[in-house]
Amino acid sequence: MNAPQNKRTFRLVGTRPVRPDGIDKVTGKAVYGTDFVAAGMLHGAVLRSPHAHAHIRSVDTRKAEALAGVKAVVTGADFPSLASLEVSLGESSGNIKFISRNCMAHEKVLYEGHAVAAVAAVSPAIAEAALALIEIDYEVLPHVMDIASAMAPDAPLLHDDMFTQGVEPKPDKPSNVALRFGIGRGDPDAALAGAHVVVSGRFSALPVHQGYIEPHACVAAWNADGQAQIWASSQGAFMIRSLTASILGISQADIRVTPLEIGGGFGGKTTVYLEPVAMVLSRKSGRPVRLEMSRSEVFRATGPAPGGEMDIQMAADADGTITGVVLEFKLLGGAYPGSDTHSGAMSALAHYNIANCRVTGWDVLCNMASTAAYRAPGAPQTIFPVESCIDDLAMKLGIDPIDLRLKNAVRPGDVGLTGVTAGEIGYVECLEAAKAHPHWSAPLGANQGRGVAGGTWGNYGGPSTASVSISEDGSVLVTTGSPDIGGSRAAMAIMAAEVLQVPYEQVRVTIADTSSIGYSMLTGGSRTTFATGKAVIEACEAIVLDLRGRAAAMWSVDPAETEWRDGTVFCTAAGKDDKQLSIRKIAARANFAQGPIAAEVALNAQGFLPGYCVHICDTEVDPETGQVSVLRYTTVQDVGTAIHPDYVEGQMQGGAVQGIGWALNEGYVYDKSGRMDNPGFLDYRIPVCSDMPMIDTVMIEKPNPAHPFGVKGVGEVPIVPPLGAVANAVSRAIGMRMRHLPLTPDRIWSELQAAE
Amino acid sequence: MSKMMITASINGDTTEFLAYPGDTLLDALRGTMGLTGSKQGCGSGDCGACTVMMDGQMVCSCLVLAAEAEGRSIATIESVAEGSQLHPVQRKFLEHGALQCGFCTPGFIVAAKALLDHNPNPTESETRYWLAGNLCRCTGYDKIVRAVMDAAAEMRQEHSTQRAPA
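Residue numbers (our numbering), protein chains in the order written: chain A, 140 to 895; chain B, 102 to 267.
Written out as structure tokens, the structure is:
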């Protein structure tokens with residue numbers, strides 16, 4: 140299919156039908172990670188470290204094993220050694236070693252909540268009781284919880300064999316700094332030295348949790364013959380299969396992972412925590428084992444997104460042209476390497492075309508849970524200081540903040556810091572639409588301020604498999620391996636029905652287990668509607684070709700003398716142009732004629748485009764208490780083509796509110812011993828319904844030429860601007876630049892007091 | 102520690118079940134009775150995913166002991182639709198796309214139905230404060246609030262139609 144040059148008209152794309160899995164989800168029938176039950180299933184529980192940093196001198200599980208009803212106890216000693224992983228995995232063993240040790244500590248714990256042992260028993264109560272009988276002798280070590288102490292020359296080391304990567308020459312001493320990564324161009328120092336105006340500052344944000352409402356859960360059954368099944372909610376059943384197989388040193392074909400419904404992920408369910416542990420418990424006990432986390436375990440042992448410190452200097456001409464930026468950021472990456480340094484550095488300035496830049500990121504480890512991806516990982520933290528400085532520039536130069544952004548915005552054809560030339564991107568259109576929106580010109584009252592911020596995220600494509608089959612009655616079955624985290628079954632059904640030109644309800648979508656369809660990368664990177672959708676579309680196109688060929692054979696004409704319209708093959712050959720065959724008629728005789736009608740497409744989707752958006756936020760600050768109210772919020776986003784607009788708007792609104800939570804009230808709080816002080820939704824307060832106004836959405840549809848329907852990823856970028864938009868709104872409301880998140884009442888009140 | 106026998110009305114059916122003294126009503130619903138529509142998101146009454154009605158009062162079933170259900174009437178998400186007929190709140194959630202992952206949805210629907218049973222014409226602010234005990238991380242609440250208010254409008258319409266003289 141040719142790329143759309145102009146906005147196309149569609150039959151179904153852009154409509155808002157009820158999602159195919161909707162009834163199950165509004166009636167409580169849908170089976171999530173915590174709902175699945177296997178026959179003869181045992182209940183597991185995980186013992187977690189009470190210390191932020193300690194050596195495990197010894198573990199004694201004998202009393203737990205002796206408790207009636209206990210069927211298995213496992214510790215780090217029950218997992219393959221790191222040496223054996225190096226043998227089996229070679230160079231790719233690094234990450235697997237960290238993931239394995241994060242699932243179950245061995246010899247050393249690196250954060251409060253680190254798993255040290257696990258039990259399977261006939262009831263949850265007995266499993267919990269058994270945990271209390273496990274005796275662990277810890278040698279408590281000094282811990283580090285913040286960037287300065289983690290980077291200090293004499294800092295206690297989490298990993299005594301970790302040498303900072305990306306530094307020349309290679310350091311001769313290990314440290315807590317896992318990585319330095321930098322990109323840039325031009326001469327930013329000269330630009331700063333000769334600038335008409337320079338703005339600068341140190342900014343910070345705290346680690347925050349993805350906050351999905353469904354805790355992690357799985358059931359594993361590992362049989363004596365080595366074959367296993369895992370039922371789990373995650374962003375990728377194939378991800379669970381490959382990580383679990385690697386950690387346990389077994390064949391991927393021996394693990395069949397069935398994806399259960401997922402109760403939110405936002406990037407936090409892109410790795411394994413429980414599955415390898417449940418597998419080992421199952422092998423030891425000979426029975427299926429369920430593991431599920433409490434909310435406290437979710438907070439202490441999974442996620443979070445890294446917090447960070449960001450130092451920025453930005454230079455501009457009098458006309459608002461940004462001439463140079465130097466940004467150095469340090470992300471607080473938790474217990475293992477792999478925080479979002481690369482993506483943070485590449486995102487920071489990707490929405491502006493700036494001649495002279497230097498962006499340097501550091502991945503700094505500390506005794507906190509190992510960080511996980513969170514919606515546009517790294518971009519909110521690095522774009523927050525950029526959007527704050529642009530707001531400062533706008534005030535200093537007396538330029539409208541949207542005009543200032545328009546002056547510097549990246550446009551199609553511009554070359555970015557990574558050397559990639561921008562394709563059909565829509566940042567300028569977003570800024571123009573934001574400026575034209577009535578929100579931008581609405582009056583403000585006392586103690587109120589309006590902030591605007593832009594943002595970008597690279598998105599992804601990648602590997603996906605889809606199969607499409609036509610049943611005997613002409614109804615359509617679409618099967619993919621991409622977990623539906625926010626309505627993607629509806630998008631797949633719409634795209635299939637669009638190609639096949641059949642009613643939406645004639646298409647049903649199944650998300651298969653890992654033994655029933657070929658590989659798909661996980662649901663993440665805003666890739667599913669783009670990449671898996673492309674596979675679905677191509678499979679449906681193959682079906683159409685097949686149906687036309689079958690009809691042509693029946694009519695003894697060339698397939699080129701047929702056309703597909705309204706779910707029917709029409710003959711265009713002279714003298715036979717009254718002939719037509721519907722999908723239903725062809726399907727009715729297909730199986731015992733030329734054979735079943737089915738097509739499978741496995742592809743590695745290229746041509747994805749980054750997402751761009753602009754958010755406008757109005758806040759009111761109570762001068763007595765420092766309390767911030769969000770009065771009005773508008774999101775403008777280039778969405779490519781909105782397949783199902785409800786779920787595109789939903790991504791825009793949900794991402795915005797997560798970002799507002801990060802800006803205003805979320806953050807990990809630790810006590811002096813490195814234990815998390817707020818591991819529950821009462822003290823770690825995500826936005827609630829009464830905190831929020833309606834979130835107005837403006838969808839700009841600038842199609843992606845590399846997708847048959849013009850799809851761009853939409854899920855992640857909406858979390859990027861709110862940190863800047865909210866901080867800019869609050870800063871303007873109180874007349875002081877707020878650089879440190881979250882903007883809690885006590886912080887604002889203190890600033891107000893200090894200024895008086 | 103031995104189990105207790107508890108007799109309660111569960112979704113209209115008199116039900117006898119066994120529970121340990123420390124079991125929550127949510128444990129009993131999800132475990133013993135297999136009613137997994139009520140979800141455990143926090144276990145501390147902060148997320149509302151386990152919301153059920155007990156004698157007409159909205160409660161977090163993770164904060165109610167199973168034993169406290171003795172002699173009471175419990176209504177869960179599984180009883181909100183009448184047979185295969187969805188409640189207007191359920192239908193409006195689907196029509197508005199007011200769910201993404203759907204995990205918090207059962208709790209929201211039980212709470213929203215309770216609101217509309219109590220107040221057929223809530224303002225946006227009343228709707229938002231009533232639902233403030235239910236956490237949703239996916240939607241940003243916008244479509245949820247619209248769905249609930251639209252369901253209220255439709256139910257008022259139905260009522261006025263029913264009351265209208267023939």
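Glycine included, each C-beta is placed from N, C-alpha and C at the ideal position.
All values derive from a computational prediction rather than experimental measurement.
{"Item": "Can you name the start and end residues of the beta strand (DSSP E) that L119(B) belongs to?", "Value": "D114 to A120"}
{"Item": "State the CB to CB distance for the pair D757(A) and A868(A), rounded to an integer number of angstroms; the pair is presumed to be in contact (CB under 8 Å).", "Value": "6 Å"}
{"Item": "Sorted by chain position, which residues of the same chain lie with C-beta nearer than 6 Å to M140(A)'s C-beta, five sequence neighbours on each side aside?", "Value": "Low per-residue confidence applies at M140(A): pLDDT is 37, beneath 50, and the placement is therefore not dependable, though the value from the model is reported in the following sentence. Answer for M140(A): P847, listed in chain order."}
{"Item": "What are the residues in the region 816–834 of chain A lying within 7 Å of chain B by C-beta distance?", "Value": "G819, F820, L821, I825, V827, C828, S829, M831, M833 and I834"}
{"Item": "Would you say S768(A) faces chain B, with C-beta separation under 8 Å as the test?", "Value": "no"}
{"Item": "Quick check: what's the CA-CA separation for S145(B) versus M159(B)?", "Value": "15 Å"}
{"Item": "Taking 7 Å as the limit between beta carbons, can you name the residues of its chain near Y643(A), skipping five residues before and five after?", "Value": "L151, P156, A632, I633 and A636"}
{"Item": "By the three-class DSSP mapping on this structure, what secondary structure does A894(A) have?", "Value": "helix"}
{"Item": "Taking the straight line between their C-alpha atoms, what separation do you get for I461(A) and P861(A)?", "Value": "22 Å"}
{"Item": "Is the CB of I265(A) under 8 Å away from at least one CB in chain B?", "Value": "no"}
{"Item": "I want to see whether chain A comes within less than 8 Å of V160(B), judged by CB atoms only; does it?", "Value": "no"}
{"Item": "Going by other Cβ atoms of all chains shown within 10 Å of its Cβ, with 16 needed for buried, is E246(A) buried or exposed?", "Value": "exposed"}
{"Item": "To the nearest whole angstrom, what separates the beta carbons of A795(A) and E840(A), a pair I think is in contact under 8 Å?", "Value": "At roughly 19 Å, the Cβ-Cβ gap does not stay under 8 Å, so A795(A) and E840(A) are not in contact."}
{"Item": "Any Cβ of chain B within less than 8 Å of the Cβ of I633(A)?", "Value": "no"}
{"Item": "So if I threshold CB-CB distances at 9 Å, which residues from the region 345–361 of chain A count as touching chain B?", "Value": "Q349, G350, Y351, I352, E353 and P354"}
{"Item": "Does the distance from the C-beta atom of Q304(A) to that of A317(A) stay below 8 Å?", "Value": "yes"}
{"Item": "Thinking C-alpha only, which one of L742(A), S606(A), P884(A) and V503(A) is nearest S288(A)?", "Value": "V503(A)"}
{"Item": "Which residues in the same chain as Q719(A) place their Cβ atom closer than 6 Å to its Cβ, once the five residues preceding and following it in sequence are excluded?", "Value": "T707 and F709"}
{"Item": "Can the beta-carbon of E436(A) be found closer than 8 Å to that of K469(A)?", "Value": "no"}
{"Item": "Using only the alpha-carbon positions, how far apart do Q258(B) and D218(B) sit?", "Value": "15 Å"}
{"Item": "Would you mind reading off the limits of the beta strand (DSSP E) that contains L742(A)?", "Value": "I736 to A744"}
{"Item": "Just how far apart, CA to CA, sit A212(B) and W231(B)?", "Value": "8 Å"}
{"Item": "Identify which residue in A894(A), H282(A), K236(A) and K202(A) has its Cα closest to the Cα of H190(A).", "Value": "H282(A)"}
{"Item": "Would you check if the distance between the CB atom of A872(A) and the CB atom of Q745(A) is smaller than 8 Å?", "Value": "no"}
{"Item": "My output table needs one value for H578(A): the three-state DSSP class, helix, strand or coil.", "Value": "helix"}
{"Item": "Taking CB distances under 8 Å as the criterion, tell me whether E805(A) reaches chain B.", "Value": "no"}
{"Item": "Among the residues of its own chain, which have a CB less than 8 Å from the CB of D885(A), if the five just before and after it don't count?", "Value": "G765"}
{"Item": "Would you call T774(A) buried or exposed, if buried means 16 or more other Cβ atoms sit within 10 Å of its Cβ?", "Value": "buried"}
{"Item": "Report yes or no: is there a C-beta of chain A within less than 8 Å of the C-beta of K104(B)?", "Value": "no"}
{"Item": "Would you list, in chain order, the members of the region 187–205 of chain B that have their beta-carbon closer than 9 Å to a beta-carbon of chain A?", "Value": "L187, H188, V190, Q191, R192, F194, L195, E196, H197, G198, A199, L200, Q201, C202, G203, F204 and C205"}
{"Item": "Please report the straight-line C-alpha distance between S509(A) and E353(A), rounded to a whole angstrom.", "Value": "19 Å"}
{"Item": "Unbroken alpha helix (DSSP H) runs of length 4 or more, entirely within the region 474–535 of chain A: which are they?", "Value": "480–487"}
{"Item": "What is the rounded straight-line gap between the Cα of G593(A) and the Cα of L119(B)?", "Value": "56 Å"}
{"Item": "Look at V753(A) and M838(A) and say whether their C-beta atoms are less than 8 Å apart.", "Value": "no"}
{"Item": "Could you give the DSSP three-state label for S750(A): helix, strand or coil?", "Value": "In the sequence under discussion, the amino acid at residue 750(A) is Gly, which differs from the Ser named in the question. DSSP places G750(A) in strand when its eight states are reduced to three."}
{"Item": "Counting only beta-carbon atoms, is V261(A) nearer than 8 Å to chain B?", "Value": "no"}
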